[in-house]
Structure formats: structure tokens, C-alpha cells
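Worksheet for the structure shown next.
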Amino acid sequence: LAAHPEDFVLLCISGVNSYWFYNQVRGIKDVMEISRIDLIKDKDKRRMELRKWIAIMEFFLFGDGAAGVIVAKNGDGLSVNKIVEVTNLKRKDYLAGYARLTALNEPFKFGFYSHLDKKIPKLGVKYSSVVVKKLLGKNAENTVKAAKKWAVHTGSEKILNIIAEHHQIQREKLRESHEVLKEYGNLAGASLPFILEKIVSGNKFSNGDIILTLGYGWGFSASACLLEYKK
406 LAAHPEDFVL LCISGVNSYW FYNQVRGIKD VMEISRIDLI KDKDKRRMEL
456 RKWIAIMEFF LFGDGAAGVI VAKNGDGLSV NKIVEVTNLK RKDYLAGYAR
506 LTALNEPFKF GFYSHLDKKI PKLGVKYSSV VVKKLLGKNA ENTVKAAKKW
556 AVHTGSEKIL NIIAEHHQIQ REKLRESHEV LKEYGNLAGA SLPFILEKIV
606 SGNKFSNGDI ILTLGYGWGF SASACLLEYK K
């Protein structure tokens, strides 16, 4: 857009997980409750049962979604003021959540293995704090209070509540994030465009109104964006 200011750009994003996770759960039977798994003394058996439990949880947790947005250099509406990203603040943070291919006992066939650690919500709060401070600088506290709406990645109800509590975000400012989670579940990378569409279509904005977007997850990484409404 800097080189061709008259052009329009179509940005597309998708999060497609069901095929991966379906392969993980296919054939799984007799899944134990997590409280019973913790009581297993045999290390290998406990690891195997835990992997089964995680596979089932991920199958229900992650959904599919796709979204598109048209971007122009000039015009009225939401304007992108600044975007900030952070990745792996500590060398082993990526181990909290990751996915990798695993070799099977058949030629040219691979399995899919993923891991989600229980510390992800707390780690996410830490990353969100860092990325919001980098985004807003010295005006962080005032801008957070002044923001008309927040679009926060719909990882889970627990994650939305932890982010809201930590940043002292009023429920109404997060309403669209909760609605998207309730209606569609976790849309992975496509969640923020779904939330922004609800925010833009369901609210009236005045010149200078601010929307903050925030997401974090596997990587381990986080990103935040400051959007401003301009007439």
C-alpha cells in the first residue's frame, strides 16, 4: 500500500484444526478422568493416558474458521495505528504449547502430536501484559481505560476472564469476544476477524474511538493492535 496507495488488498486468515485432531482421537477408547490419571504410578502408562485425555480435550476445544478483510491506505473507518508482537520471552516458553509431526510405523505416514500445558493461561497473561505495554507505552493505563472495545482471542471462557481481570476490562467492552466464543467456540487464528465484524456492525463509533485487539497462543507468542476510528 505504501508503493501503491490507490490499491486495495484482500487479507485472508484461516484456522483449520478438525482434521488434525480427528486423526488424534480416531480409535481412542476408555478415556480416564484427569483426577484418575494423576494417581497412576507407572510413568509410561500415565503419559499414555494423559495424551489420550489431551487429544479428546483438543478435539472439542479447537474449531475451524476462515475470514477475510479488505484493506486500503486511505478512507474512513477503522485505521491501524500500531501492531506489536512478542515471541518466546524465555527460551523454553514454546514448550507450554506446541504441535509436531511424529513418525508412524508405516512408510510415508505421519502422526500429529500436540501438547497444552496447564500454565498457558498464566503465561498468556504475562505475554499480554508485555505486548500491551510495548503497544501503548507510557499511556498504557489511560488508553486501556479509554478503549471503547476489546477484541480478545477466544481461547476459552477462563482465558477471557483472566485477561479481563488482569487488565480491568469491563464486561461490556468484551461482549463480542464472549459472543463469538459462545456461538462458534475457539476459532483459532480466525477468531479476531469474527469479533471485529461483530464490533463494527453492532456499535456506533465517533471519530477517535479506540479498539484494542489482543491474542496469544502456541509459539509461544502474543500480539496486540491499536485500531482507531476515523471519519
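Numbering-wise, the sequence shown is residues 406 to 636 according to our numbering. The beta-carbon is built from N, C-alpha and C at its ideal position, and this holds for glycine as well.
Just the C-alpha distance for residue i and residue j, rounded to the nearest angstrom, thanks.
i: serine 611; j: lysine 563; result: 32 Å
i: lysine 636; j: lysine 478; result: 14 Å
i: valine 535; j: lysine 495; result: 13 Å
i: valine 474; j: alanine 556; result: 16 Å
i: lysine 497; j: lysine 457; result: 24 Å
i: aspartate 443; j: lysine 523; result: 14 Å
i: arginine 576; j: aspartate 449; result: 44 Å
i: leucine 631; j: leucine 579; result: 15 Å
i: asparagine 357; j: lysine 527; result: Any question about residue 357 goes unanswered here, given that the chain covers just 406 to 636.
i: alanine 408; j: leucine 619; result: 29 Å
i: glycine 542; j: valine 549; result: 11 Å
i: glycine 432; j: alanine 593; result: 25 Å
i: aspartate 614; j: isoleucine 488; result: 17 Å
i: leucine 521; j: proline 410; result: 43 Å
i: asparagine 591; j: asparagine 544; result: 31 Å
i: isoleucine 644; j: isoleucine 574; result: Since the first residue of the chain shown is 406 and the last is 636, residue 644 is not available in this structure.
Please check the pair residue i and residue j, which I expect to be a contact at CB under 8 Å, by giving their CB distance rounded to whole angstroms.
i: histidine 571; j: serine 596; result: No, histidine 571 and serine 596 are not in contact; Cβ-Cβ is about 19 Å, not under 8 Å.
i: leucine 416; j: valine 476; result: 6 Å
i: glycine 622; j: glycine 560; result: 7 Å
Given a cut-off of 8 Å, decide if residue j and residue i are closer than it, judged by their beta-carbon atoms.
i: serine 419; j: glycine 470; result: yes
i: alanine 552; j: isoleucine 616; result: yes
i: phenylalanine 413; j: alanine 501; result: no
i: isoleucine 445; j: glutamate 454; result: yes
i: alanine 629; j: valine 537; result: yes
i: tyrosine 634; j: leucine 483; result: yes
i: valine 491; j: alanine 627; result: yes
Quiz item: What beta strand (DSSP E) runs, 3 residues minimum, are completely inside the region 495–579?
Solution: 502–508, 515–521, 554–557
Quiz item: Quick check: the region 599–618 against the region 570–587, are there 3 or more CB pairs under 8 Å?
Solution: yes
Self-check item: Entirely enclosed beta strand (DSSP E) segments - the region 437–498, minimum 3 residues
Solution: 470–477, 482–492
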